[in-house]
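S.K.:
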Amino acid sequence: MNLKGIKLTWLGHATFRIETPGGKTVIIDPWVVGNPMCPQNEKDVKTVDVLLCTHAHGDHIGDAVE
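Its first residue numbered 1, the sequence shown is counted upward by one per residue in the working numbering.
Laid out in structure tokens, this is it:
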């Protein structure tokens, strides 16, 4: 989804990536590695400028430390 230059990508379960027009990357609820719904080509996250966790369940913070 592209909203006025903001790109929103669903990465499975509750995980989203937001890319801003200024080149910043925001990840919400970072669970990608063990997430069966996350596309394989999206599991190697290179850059994160802001990391948001909605709550402390494993399926919402699973890869926060990585």
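We put the CB at the ideal spot given by N, CA and C, even for glycine.
Computed from a predicted model, the values in this text were never measured in an experiment.
(1) I believe Ile27 touches Leu51 by the beta-carbon criterion, under 8 Å. Please report the beta-carbon distance rounded to the nearest angstrom.
(2) For Cys38 versus Val32, is the C-beta spacing smaller than 7 Å?
(3) Leu11: buried (16+ other C-beta within 10 angstroms of its C-beta) or exposed?
(4) In its own chain, which residues sit with a C-beta less than 7 Å from the C-beta of Ala64, not counting the 5 before and 5 after it?
(5) Using the Cα positions of Lys24 and Val48, report the straight-line distance between them to the nearest angstrom.
(6) Write down every uninterrupted run of the alpha helix (DSSP H) in the segment 9-64 whose length is 4 residues or greater and which is fully enclosed by it, in chain order.
M.R.: The relevant details are as follows:
(1) The residue you call residue 27 lines up with position 27 of the sequence shown. The residue you call residue 51 lines up with position 51 of the sequence shown. With 8 Å as the limit, Ile27 and Leu51 qualify as a contact, their Cβ atoms being about 5 Å apart.
(2) On the sequence shown, residue 38 is found 38 positions in, with the first residue counted as 1. On the sequence shown, residue 32 is found 32 positions in, with the first residue counted as 1. Their beta carbons are under 7 Å apart, which means Cys38 touches Val32 by this criterion.
(3) Locating residue 11 in the sequence shown gives position 11, counting from the first residue. Under this definition Leu11 is a buried residue.
(4) Indexing the sequence shown from 1 puts residue 64 at position 64. Excluding positions up to five away in sequence, the list reads Pro30, Leu51 and Cys53.
(5) Counted from its first residue, the sequence shown places residue 24 at position 24. Counted from its first residue, the sequence shown places residue 48 at position 48. Computed Cα separation, rounded: 8 Å.
(6) Qualifying alpha helix (DSSP H) stretches, in chain order: 58-61.
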